[in-house]
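Asker: In terms of full-length UniProt numbering, the sequence shown opens at residue 1 and continues consecutively. Here a beta-carbon is modelled for each residue, glycine too, at the ideal position from N, C-alpha and C.
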Amino acid sequence: MTNDIAIDQINQRMEAVFAEIPKKYQRFFHRRSLNNFMYYLPRIKGRTEQQEIAAAITAYLDEFEIVFPLELNIAVAADLFNRHLYPVARKFEWRCGFVPIVPLRACWVLFPQLAAVFCLVFLLTIPASTFYCLPL
């Protein structure tokens with residue numbers, strides 16, 4: 001399944017699916033991840049595992065084509081990713097040393113929470129004698 005023809009066919013299908021998506025919804029299609037998976041697929045040792053990965057990517061594309069015209073939002077996109085691409089990503093982590101990248105927008109969401117935790121820890125480590133009342 002992972003000969004050049006099958007990889008090329010899947011790549012062409014990915015590009016065809018991506019071309020049909022309006023710009024507003026393109027962020028829901030994990031194009032960079034899919035391109036990385038297909039590029040590094042030949043590095044996966046074991047024909048069976050390569051076929052499983054190619055089948056998972058094909059299943060993702062099949063379901064994405066069905067879901068996209070009807071309903072596509074962040075919840076549906078996350079569900080598709082978790083069911084089809086997350087297991088593939090885990091295999092690439094184990095086999096090829098892939099590292100998941102946290103998007104920058106997620107950092108902006110986490111920063112206030114981390115700052116609050118840091119302030120709380122800082123306040124809890126200040127000695128109690130610091131908080132004695134000063135004479136008026």
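Thinking Arg32 and Phe18 are a contact (beta carbons under 8 Å), I'd like their distance in whole angstroms, please.
Answerer: Their Cβ separation, rounded to whole angstroms, is 11 Å, which puts Arg32 and Phe18 out of contact at 8 Å.
Asker: Exposed or buried, what is Phe68 when buried is set at 16 or more other beta-carbons lying within 10 Å of its beta-carbon?
Answerer: By the 10 Å Cβ count, Phe68 comes out buried.
Asker: Between the stretch 64-79 and the stretch 44-56, do at least 3 Cβ pairs fall closer than 8 Å?
Answerer: Contact fails: fewer than three Cβ-Cβ distances are below 8 Å.
Asker: Ends of the alpha helix (DSSP H) at Arg13?
Answerer: Where Arg13 is concerned, the enclosing alpha helix (DSSP H) stretches over Asp4 to Glu20.
Asker: Just mark Ile126 as buried or exposed, buried being the case when its beta carbon has 16 or more other beta carbons within 10 Å.
Answerer: Label assigned to Ile126: exposed.
Asker: Is the distance from the Cβ of Asn73 to the Cβ of Asn35 below 9 Å?
Answerer: No, the Cβ-Cβ distance between Asn73 and Asn35 is not below 9 Å.
Asker: Along the alpha helix (DSSP H) that carries Phe92, what are the first and last residues, could you check?
Answerer: Note, Phe92: alpha helix (DSSP H), Tyr86 to Cys96.
Asker: Take the Cβ of Val121 as the centre, count every other Cβ of all protein chains shown within 10 Å, and call the residue buried at 16 or more, exposed below.
Answerer: Result: exposed.
Asker: Would you decide whether Ile57 is buried or exposed? Buried here means 16 or more other CB atoms lie within 10 Å of its CB.
Answerer: The residue is buried, with at least 16 neighbouring Cβ atoms inside 10 Å.
Asker: Throw me the rounded Cβ distance for the Ile66 and Leu41 pair, which I believe falls under 8 Å.
Answerer: Not a contact, Cβ separation roughly 24 Å.
Asker: On a Cα-Cα basis, can you pick out the residue from Leu85, Glu71, Lys45 and Arg43 that is closest to Ala55?
Answerer: When only C-alpha atoms are compared, the closest one is Leu85.
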